[in-house]
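Residue numbers (our numbering): 872 to 1314. Idealized CB from N, CA, C, for every residue including glycine.
Spelled out as structure tokens, the structure:
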């Protein structure tokens, strides 16, 4: 084949029309070459031999696929991000699950449940693991932003590996494992590798898994680096000892809340305490365990969750070392049974803050559910607060109400609540008289 030279007119009406026609033709070729067609309002995928099968499969989910009619043909829209789609695996037989779906489809957030369907159609109770395996293999040809696997709590210890070799499963922003067994997590990790997931934004969540006693089961998933790890409502969890935490592969945010009687090894405590977190959210008891070791670290935002017993015992009188943690903001989450704000509670919270932070800019008490009218009256009568060990503190808020802070740069005109660390003089308005007086401390 030899090239053919065509001389196109460079000016005049005929030339302009010819050039415009050429640009339109090139644009059409460009749109179709990537497997998509630009319709009037959206981008749709080219039809394939499995398009109708793909549509039929998702018709059983909580939300059918968004499609568009172009002439007499039905096309699948590329972006399926307008809803959180949920698939109840027990509503499908193994034969109803396709081997593949149309490539290029973006499913947004997807939940796959192994539990009972609200519709009551869940009649296929055996062979669930074979169906979830086939479904996950099918979804690999599409793209998922967030994948939530829930209610796979059966025992899979003897079930063979799904694939001969691990297959990469690429998820955009997050994987949630909700109410699953440790055997299911190990089976998932033996079948797939999540090493190619986007490291800078990826969130791994483990929630309400009553049979998991150790986070070591997460090691099988093969994550190299993730942005955030969330472990919540794990009442039976005993050991926080996964590789992600030990080797500091969680880079930005960590949530460990509503756990009971967990053991944290020295190696893991050193690793968690040595990371400059963007956000760290833990229960107060776990904070005390981790940061009983001396850590010179800066954390942007700390969320401390108080259990009911911790309301009156938040301050640890055995603390003797000076605090070493710096933070921009500390949020205190109160338990739901705290229905009244008292001066003793305010002093206890701020005393704990003084004992645990070297530099701090903001303290905010959140999740307070007491009667608003009583709190407003308490807020009006609350004296200014002076915290000499935290000179950078500029804000103390309870809910959306800002409490007054005192600074010695201004003359004293009212009573002051002084809260400080041992060895710092208490200020009561007469600097000379109290120059060497030891501070009243809450520790």
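Delimiting residues of the alpha helix (DSSP H) encompassing residue i
i, result
"residue 1066", "No alpha helix (DSSP H) contains residue 1066, which DSSP labels as neither H nor E."
"residue 1247", "1243-1252"
"residue 1226", "1214-1227"
"residue 1159", "1155-1161"
"residue 1003", "999-1010"
Paired residues, beta bridge with residue i - DSSP
i, result
"residue 1331", "Residue 1331 lies beyond the residue range present for the chain, which begins at 872 and ends at 1314; the question has no answer from this structure."
"residue 1080", "Paired residues: none, contrary to the question."
"residue 1273", "1268"
"residue 1014", "977"
"residue 1257", "1289"
"residue 1039", "1064"
"residue 950", "977"
"residue 1124", "1099, 1150"
"residue 1193", "Its beta-bridge partners do not exist; DSSP assigns none."
Reduced DSSP category for residue i - H, G, I as helix; E, B as strand; rest coil
i, result
"residue 928", "helix"
"residue 1094", "coil"
"residue 1137", "helix"
"residue 1210", "coil"
"residue 1119", "coil"
"residue 1113", "coil"
"residue 916", "strand"
"residue 1143", "helix"
"residue 1060", "helix"
"residue 1108", "coil"
"residue 962", "helix"
"residue 1231", "strand"
"residue 1087", "helix"
Nearest-angstrom Cα separation, counted from residue j out to residue i
i, j, result
"residue 1199", "residue 1128", "21 angstroms"
"residue 1253", "residue 1051", "48 angstroms"
"residue 1095", "residue 1120", "7 angstroms"
"residue 919", "residue 969", "14 angstroms"
"residue 1130", "residue 963", "35 angstroms"
"residue 1092", "residue 1060", "4 angstroms"
"residue 1016", "residue 1140", "32 angstroms"
"residue 1231", "residue 1203", "13 angstroms"
"residue 1067", "residue 1013", "15 angstroms"
"residue 1238", "residue 1037", "44 angstroms"
"residue 1221", "residue 1290", "7 angstroms"
"residue 989", "residue 1074", "28 angstroms"
"residue 856", "residue 1100", "No answer is possible for residue 856: the residues shown for the chain start at 872 and end at 1314."
"residue 926", "residue 935", "7 angstroms"
"residue 1260", "residue 1081", "42 angstroms"
"residue 979", "residue 932", "14 angstroms"
"residue 1144", "residue 1162", "6 angstroms"
"residue 939", "residue 915", "8 angstroms"
Span of the beta strand (DSSP E), counted from its first residue to its last, around residue i
i, result
"residue 1199", "1196-1204"
"residue 1131", "Where residue 1131 is concerned, there is no enclosing beta strand (DSSP E), given that its DSSP letter is neither H nor E."
"residue 1049", "1042-1051"
"residue 1175", "1168-1176"
"residue 946", "944-947"
"residue 939", "938-941"
- Could you tell me whether the stretch 929-947 touches the stretch 1002-1015, using the rule of 3 or more Cβ pairs below 8 angstroms? no
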